[in-house]
Amino acid sequence: MQKAVNTLVSHILNNGIRHIILCPGSRNAPLTLSFSRNPQFECYSLVDERSAGFTALGMAIALDKPVAIVCTSGTAALNLYPTIAEAFYSQIPLLIITADRPPEWIDQWDGQCIRQTNIFEKHILGSFTFDPLKPDFNFNEAIGLCSNPIKGPVHINVPLPEPLYESKNVAFEYDKLLPVPEDLAFTPNHIVKELSHKKILLLAGADAWGERFKGSFDLLKSKGKIVVLADVISGLHDSQSVTNWDTICAVVDDDLKQTLKPDLLITIGKFTVSKSFKKFIRAYKPKEHWHVTNNHTIANPFATNPTEIEADETVFLEWLAKAADHLDTSYNTLWRQVSENLNTSTELLFKNSTFNEFSATKLILENLPKNSFLHMANSMPVRFVSFLAGKLNDIKVYGNRGTSGIDGSTSTAAGTSMMLEKPTFLLTGDLSFFYDINGLWNQYLKPNFKIIVLNNGGGGIFRLIDGPHDLPEREDYFATQSTRNCQRMAEEFGFRYYKANDFVSLQTELETFCNDSNQPGILEIFTEPESTVEFYKQFKDLKI
Numbered sequence: 183m184q185k186a187v188n189t190l191v192s193h194i195l196n197n198g199i200r201h202i203i204l205c206p207g208s209r210n211a212p213l214t215l216s217f218s219r220n221p222q223f224e225c226y227s228l229v230d231e232r233s234a235g236f237t238a239l240g241m242a243i244a245l246d247k248p249v250a251i252v253c254t255s256g257t258a259a260l261n262l263y264p265t266i267a268e269a270f271y272s273q274i275p276l277l278i279i280t281a282d283r284p285p286e287w288i289d290q291w292d293g294q295c296i297r298q299t300n301i302f303e304k305h306i307l308g309s310f311t312f313d314p315l316k317p318d319f320n321f322n323e324a325i326g327l328c329s330n331p332i333k334g335p336v337h338i339n340v341p342l343p344e345p346l347y348e349s350k351n352v353a354f355e356y357d358k359l360l361p362v363p364e365d366l367a368f369t370p371n372h373i374v375k376e377l378s379h380k381k382i383l384l385l386a387g388a389d390a391w392g393e394r395f396k397g398s399f400d401l402l403k404s405k406g407k408i409v410v411l412a413d414v415i416s417g418l419h420d421s422q423s424v425t426n427w428d429t430i431c432a433v434v435d436d437d438l439k440q441t442l443k444p445d446l447l448i449t450i451g452k453f454t455v456s457k458s459f460k461k462f463i464r465a466y467k468p469k470e471h472w473h474v475t476n477n478h479t480i481a482n483p484f485a486t487n488p489t490e491i492e493a494d495e496t497v498f499l500e501w502l503a504k505a506a507d508h509l510d511t512s513y514n515t516l517w518r519q520v521s522e523n524l525n526t527s528t529e530l531l532f533k534n535s536t537f538n539e540f541s542a543t544k545l546i547l548e549n550l551p552k553n554s555f556l557h558m559a560n561s562m563p564v565r566f567v568s569f570l571a572g573k574l575n576d577i578k579v580y581g582n583r584g585t586s587g588i589d590g591s592t593s594t595a596a597g598t599s600m601m602l603e604k605p606t607f608l609l610t611g612d613l614s615f616f617y618d619i620n621g622l623w624n625q626y627l628k629p630n631f632k633i634i635v636l637n638n639g640g641g642g643i644f645r646l647i648d649g650p651h652d653l654p655e656r657e658d659y660f661a662t663q664s665t666r667n668c669q670r671m672a673e674e675f676g677f678r679y680y681k682a683n684d685f686v687s688l689q690t691e692l693e694t695f696c697n698d699s700n701q702p703g704i705l706e707i708f709t710e711p712e713s714t715v716e717f718y719k720q721f722k723d724l725k726i
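Numbering-wise (the working numbering), the sequence shown opens with residue 183 and increments by one.
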């Protein structure tokens, strides 16, 4: 049995996967031993499978390569499901390897037995069973599916009979394999012959590695013939015509929205954080919507029934830059004028603001060191940063928006920080931070990991969005104040603790917090909930 497991591990190595998270367990012992005894792997031991899964996700984001995670049988496997769903929708490559009991013991009241075959089938690129006793298996097909033609999670379930430790004193041998050839999948380039529309808007949606299109976006921006917008987690937020378009879509009146409406909307990437943009396009539909994709990744988030353009995105963008040369710059100029007018109103509002989560986020973004990485938790942090994208300066930004859950933000950011040398920041709320506190139960964290906790005494989003904000049950059953202590958590996990409760203390603490290269840190920012509610209302009532 161990020899067959070693063959599987040899193929994983041969497919270029080097980083493996091993969750402690007994049924997965043959897998754990095979990975850990091979010096060509970087192995990490993390106890909590849910946190470990998101940590692997963060590692894959930083590496732009698949990361494998191995766990034991039973409910341990189920704890990986939130990560798998996020990886599926965000297209992050993960290889999920679950140990299992032999099939004859499933449903026979034996311990740690659940129905693991195809357990993730609704949110997985491929599900496979590798039986070490019948090792006829297409290894390269299963492992390679993580990265081609679409990136995402792949599941290999491995039923392992006892004895599990038969090779504990035996030197392992690994198969010597021929290199796996690169899959040069054909990408059709079905591009239209001409542009007949005058008002063209290009939007880059979420993409963990969108920076690969930066040259094309910079060129399109400089020409000014079309409006170029980029979601805050597109990797292209520094390469767009206007940076405050999320705010524009949220606050301008209906007449101006009618004027700003594109004739042709072109999208690349995936989803967008901006709810205001989605509402804008749904209400003011373009005549046409093209979505450019080289792997049939397409959806209908704006209710526009987009036409799929089957093309390599870089090829399409190069074509677009030439095809749009005949257009004038009036549409782009209109967006820029609205942006400049709104910037004036926005800066005045912030200048006169009280200390609140939103204004604190602005100060943070203005002081983060260049060439750092910022991971944003869901609920309000990612929305604040989307509205303030113009304050980001040479900072890589990402957030788990595939499923938009709060369950893995800390762990994902932790995993990213493990793979990077540059400062890696997490901007999170107090509930999200405490919910994923096991993300800090990680012996591999480095001094570059910095966490900023916006503590408003609960889930602040429920005080801001329509619906729950005026419910009498809001504080007990929606906002749900936490009684946990952030400073004690910092001490428990070896983080240096900082705190701030006004502009002066935040400015002072930020400098030390950001520049501490000796120890990971947690900066807790205390705000009064109602101050954020009032300021957010004023923000949404901005006039230009």
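For every residue, glycine included, the Cβ atom is placed at its ideal position computed from N, Cα and C.
Only a predicted model underlies this, so the values are computations on that prediction, with no experimental measurement involved.
Do the region 508 to 519 and the region 484 to 500 touch if we need at least three Cβ pairs shorter than 8 angstroms?
For the pair of segments examined, the region 508 to 519 was found not to touch the region 484 to 500: the number of CB pairs separated by less than 8 angstroms stays below three.
Do you know how far the Cα of residue 310 is from the Cα of residue 478?
Rounded to whole angstroms, residue 478 and residue 310 show a C-alpha spacing of 23 angstroms.
Is it buried or exposed for residue 316, if we count other Cβ within 10 angstroms and need 16 for buried?
By the 10 Å Cβ count, residue 316 comes out exposed.
Is the Cβ-Cβ distance between residue 684 and residue 537 less than 8 angstroms?
For residue 684 and residue 537, yes; Cβs fall inside 8 angstroms.
Cutoff 8 angstroms; reference residue 220; Cβ partners in own chain excluding five residues on either side
191, 195, 354, 356.
Would you mind stating whether residue 250 and residue 301 have Cβ atoms separated by less than 8 angstroms?
Contact: no.
Can you name, in chain order, every residue of its own chain whose Cβ lies under 7 angstroms from the Cβ of residue 392, other than the five neighbours on each side?
Apart from the 5 residues on each side of it in sequence, residue 392 sits with its Cβ closer than 7 angstroms to the Cβ of 386, 416, 417, 418, 451 in its chain, given in chain order.
Can you tell me whether residue 322 is helix, strand or coil according to DSSP?
Helix at residue 322.
Could you pull the start and end residues of the alpha helix (DSSP H) that residue 188 belongs to?
Unbroken alpha helix (DSSP H) run through residue 188: 184 to 196.
Contained beta strand (DSSP E) runs [length at least 3] in the region 459 to 509, N- to C-terminal order:
Taken in chain order, the whole beta strand (DSSP E) runs of length 3 or more contained in the region 459 to 509 are 470 to 475, 489 to 492.
In the DSSP assignment, the alpha helix (DSSP H) including residue 531 goes from what residue to what residue?
First-last of the alpha helix (DSSP H) with residue 531: 512 to 533.
On a CA-only basis, which of 205, 226, 197 is nearest residue 361? Give me that one, please.
Looking at the Cα atoms, 197 is the closest of the given residues.
Should residue 347 be labelled buried (16 or more other beta-carbon atoms within 10 Å of its own) or exposed?
Residue burial is scored here from C-beta neighbours: residue 347 has fewer than 16 other C-beta atoms within 10 angstroms and is therefore classed as exposed.
Verify whether the separation of the beta carbon atoms of residue 636 and residue 542 is less than 8 angstroms.
Yes; because the gap between Cβ atoms is below 8 angstroms, this pair is in contact.
Please return the same chain residues whose Cβ sits closer than 7 angstroms to the Cβ of residue 403, not counting the five positions on each side in sequence.
Setting aside the 5 residues that flank it on each side, residue 403 is surrounded in the same chain by 410, 421, 422, 423, each with a C-beta closer than 7 angstroms to its C-beta; the list follows chain order.
Residue 706 (DSSP reduced to helix, strand or coil)
Taken through DSSP and simplified to helix, strand or coil, residue 706 comes out as strand.
Are residue 442 and residue 516 closer than 8 angstroms when you measure CB to CB?
Yes, the pair counts as a contact, with Cβ atoms nearer than the cut-off.
Looking at residue 554 and residue 604, is the spacing between their C-beta atoms short of 8 angstroms?
In this structure, residue 554 lies closer than 8 angstroms to residue 604 by Cβ.
Going by other Cβ atoms of all chains shown within 10 Å of its Cβ, with 16 needed for buried, is residue 707 buried or exposed?
Residue 707 comes out buried.
Which residue marks the beginning of the alpha helix (DSSP H) containing residue 205, and which one marks its end?
No alpha helix (DSSP H) holds residue 205; DSSP gives it neither H nor E.
Taking the alpha carbon of residue 379 as the point to measure from, which residue in 550, 469, 497 has its own alpha carbon closest?
By alpha-carbon distance to residue 379, the top candidate from 550, 469, 497 is 469.
Residue span of the alpha helix (DSSP H) that contains residue 309, given as start and end:
Segment 308 to 311 is the beta strand (DSSP E) holding residue 309; no alpha helix (DSSP H) there.
Cα-Cα separation, residue 557 to residue 345
Going by the C-alpha atoms only, they are around 43 angstroms apart.
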